[in-house]
Structure formats: structure tokens, C-alpha cells
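Quick notes on the structure that follows.
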Amino acid sequence: MNNVSEVIKAHHIFVLPSYREGVPRSTQEAMAVGRAVITTDVPGCRETVADKVNGFLIEPWNPRILAEKMIYFIENREAVRLMGNASYAIAKDKFDAEKVDLKLLDILKA
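Here it is as C-alpha cells:
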């Protein structure tokens, strides 16, 4: 898919119910365009989402909680906006390419 950011921008939230993940590029892409995120509380995913700040971390293998959080966003548009703004700020702070590159250089020099 060549137009990932356009697809993400067409939606108000991003949902990634993953059970085994590195730090997911997809949540970073969603955050970079200001989307609130629902993902599972597993290593990697929890590196991108601060629970109740820019989205929700949910218990793995629990579709009821996943549905509850999706319904919450449907019923709370202001939370979608606020958490989306927080996602963008976190993405700029933690996942900006220049910052990540500088951290990598520091590691390589050590």
C-alpha cells in the first residue's frame, strides 16, 4: 500500500489489536497524523501509547474491552480530538526521524 497516511487520515481513530509486536510502525504513523490509538498492552505497543493520554492500552485477547473503548470514542468526540493531539505531540517528541537518528548515532559511538 502506497497511501498509508491517506488511509489513516480518512479515519478518526486507529485500532491495532496485536498480540506480538515490536514497536509498531503503524501506530507511529497514526500518531504522526494525529490519531487516537487503541492497542493491546503488550511489549512494543505500550511504547507508543500512554494509556488514557493518546489512546487506550487494552488487555490482550479481550474483545469486550476492545469494543468498549471503540464505543467510548464513538460517544466522546472531544476525547478523540484531545488524544489525537496528544498522539501527534508524542510522535514528534519520541519518534521524529532526526531525534531517532541522533539517538542511534550516540549508541553506535558508545
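The opening position of the sequence shown corresponds to residue 1 in full-length UniProt numbering, with each subsequent residue numbered one higher. Ideal placement from N, C-alpha and C gives every residue a C-beta, glycine not left out.
- Residue burial is scored here from C-beta neighbours: Ser5 has fewer than 16 other C-beta atoms within 10 angstroms and is therefore classed as exposed.
- Secondary structure in the region 43-86: the beta strand (DSSP E) runs of 3 residues or longer, each lying completely within the stretch, are 55-58 in chain order.
- Rounded to whole angstroms, the separation of the alpha carbons of Val80 and Ile71 is 11 Å.
- For Ala10, there is no enclosing alpha helix (DSSP H), as DSSP marks it with neither H nor E.
- Burial state of Met83 is buried, judged by a 10 Å Cβ sphere holding 16 or more other Cβ atoms.
- Rounded to whole angstroms, Phe56 and Thr39 show a C-alpha spacing of 6 Å.
- The shortest C-alpha to C-alpha distance from Arg35 to any of Asp106, Ala91, Ser18 is the one to Ala91.
- The alpha carbon of Ile74 has as its nearest neighbour, out of Asn3, Pro60, Ile13, the alpha carbon of Ile13.
- In terms of Cβ geometry, Asp41 and Glu68 do not form a close pair [threshold 8 Å].
- Counted as a single uninterrupted DSSP element, the stretch harbouring Ala110 is not any beta strand (DSSP E), since DSSP gives it neither H nor E.
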